[in-house]
Amino acid sequence: MLEKIITSPRGTVSYWIARHQDPKAICLVFTHGLTANHRMFDHQVASFRKHYTVISWDLPLHGASRPYTDFSFHHAAADLDAILNQEKIPAAVLIGQSLGGYACQQYALDFPDKVLAFVGVDTSPFGPSYYSRSDRFWVRQVEWLSRCYPHDKLVTAIAKGATHTKRGFDNMMAMLAPYGKAELCRIMGTAYTSFLRENCDTAFDFPVLLTLGEYDRFGKVPQYNWAWTAKTGYPLKIIPGAGHNANVDNPVVFNAVVEDFLDSHHLV
Numbered sequence: 001m002l003e004k005i006i007t008s009p010r011g012t013v014s015y016w017i018a019r020h021q022d023p024k025a026i027c028l029v030f031t032h033g034l035t036a037n038h039r040m041f042d043h044q045v046a047s048f049r050k051h052y053t054v055i056s057w058d059l060p061l062h063g064a065s066r067p068y069t070d071f072s073f074h075h076a077a078a079d080l081d082a083i084l085n086q087e088k089i090p091a092a093v094l095i096g097q098s099l100g101g102y103a104c105q106q107y108a109l110d111f112p113d114k115v116l117a118f119v120g121v122d123t124s125p126f127g128p129s130y131y132s133r134s135d136r137f138w139v140r141q142v143e144w145l146s147r148c149y150p151h152d153k154l155v156t157a158i159a160k161g162a163t164h165t166k167r168g169f170d171n172m173m174a175m176l177a178p179y180g181k182a183e184l185c186r187i188m189g190t191a192y193t194s195f196l197r198e199n200c201d202t203a204f205d206f207p208v209l210l211t212l213g214e215y216d217r218f219g220k221v222p223q224y225n226w227a228w229t230a231k232t233g234y235p236l237k238i239i240p241g242a243g244h245n246a247n248v249d250n251p252v253v254f255n256a257v258v259e260d261f262l263d264s265h266h267l268v
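Numbering (the UniProt record's numbering), first residue to last: 1 to 268.
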């Protein structure tokens with residue numbers, strides 16, 4: 001993978017690209033979840049680069065894409081569009097895990113003609129009707145509640161809560177390692193506040209696949225996904241033996257599910 005950057009007044013955003021030798025190959029863009037980084041999708045990049053151009057990136061506020069000011073999902077979508085423009089990629093398949101799924105949905109709202117398909121990985125839907133007043137209240141408390149934990153216990157709790165396997169746990173711990181406690185809490189508070197502010201109704205015309213780890217117990221993510229598929233008819237595939245970071249916990253099954261989805265929509 002070739003590491004590259006784009007810049008804006010808000011900061012520098014890092015991304016990694018592996019171009020397929022076929023210039024007409026479809027591009028897959030992988031967007032990680034909260035407090036993680038692009039290494040979340042190492043297993044997917046290694047597999048899908050054989051047939052696709054692949055991009056993974058560090059969301060603003062995360063990994064190599066920090067420091068970063070004035071975070072919003074609109075700005076993250078603009079940054080992703082700058083990446084695709086820089087690489088002269090007219091449209092892409094978006095694959096987003098958890099918070100990364102929010103960024104993908106925002107990109108689809110802002111640049112609908114540039115999305116070929118969306119794969120949600122243990123993420124949650126845009127749309128105010130999915131979230132109760134209680135849901136919104138507790139999301140607002142994330143930052144200060146996180147500050148109540150010692151740093152080592154906070155990091156371990158996040159990693160355990162997001163994963164079901166040792167592979168997943170070790171991957172998440174490695175991604176959390178660069179963050180001090182104050183920064184970690186601030187990232188969570190900023191991201192969730194932005195979601196509450198920007199959350200809006202969506203209607204997508206492109207193919208959508210939802211995936212959910214069998215043992216995902218992260219907040220109300222399972223309930224949101226079942227409500228999402230019931231309301232929209234988007235297919236929901238359960239990834240066995242996996243938690244919230246399902247693509248890391250069980251990459252073999254996850255990759256096969258995504259491959260089947262892409263094949264079924266002739267996205268090859």
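Ideal placement from N, C-alpha and C gives every residue a C-beta, glycine not left out. Nothing here was measured: the structure is a model prediction, and the numbers come from that model.
Outcome for residue i when other beta-carbon atoms lying within 10 angstroms are tallied against a minimum of 16
i, result
"Phe137", "exposed"
"Pro90", "exposed"
"Leu196", "exposed"
"Cys185", "buried"
"Gly100", "buried"
"His244", "buried"
"Val208", "buried"
"Gly11", "buried"
"Ser124", "buried"
Reduced DSSP category for residue i - H, G, I as helix; E, B as strand; rest coil
i, result
"Lys237", "strand"
"Glu87", "coil"
"Thr123", "coil"
"Glu3", "strand"
"Val268", "coil"
"Leu34", "coil"
"Gln44", "helix"
"Phe137", "helix"
Distance, residue j Cα to residue i Cα
i, j, result
"Phe254", "Tyr179", "28 Å"
"Asp81", "Ser65", "15 Å"
"Leu59", "Thr31", "7 Å"
"Arg133", "Arg140", "11 Å"
"Lys4", "Met172", "23 Å"
"Thr53", "Leu2", "12 Å"
"Pro23", "Leu262", "18 Å"
"His51", "Leu61", "31 Å"
6 Å CB neighbourhood of residue i in its chain, flanking five on each side removed
i, result
"Ile83", "Ile6 and Tyr15"
"Gly63", "Asn37"
CB-CB length for residue i against residue j, believed under 8 Å
i, j, result
"Asp249", "Gly161", "Not a contact, Cβ separation roughly 13 Å."
Cut-off 8 Å between Cβ atoms - residues of its own chain near residue i, not counting five sequence neighbours on either side
i, result
"Ala103", "Thr31, Leu59, Phe73, Ala76, Ala77, Leu80 and Gly96"
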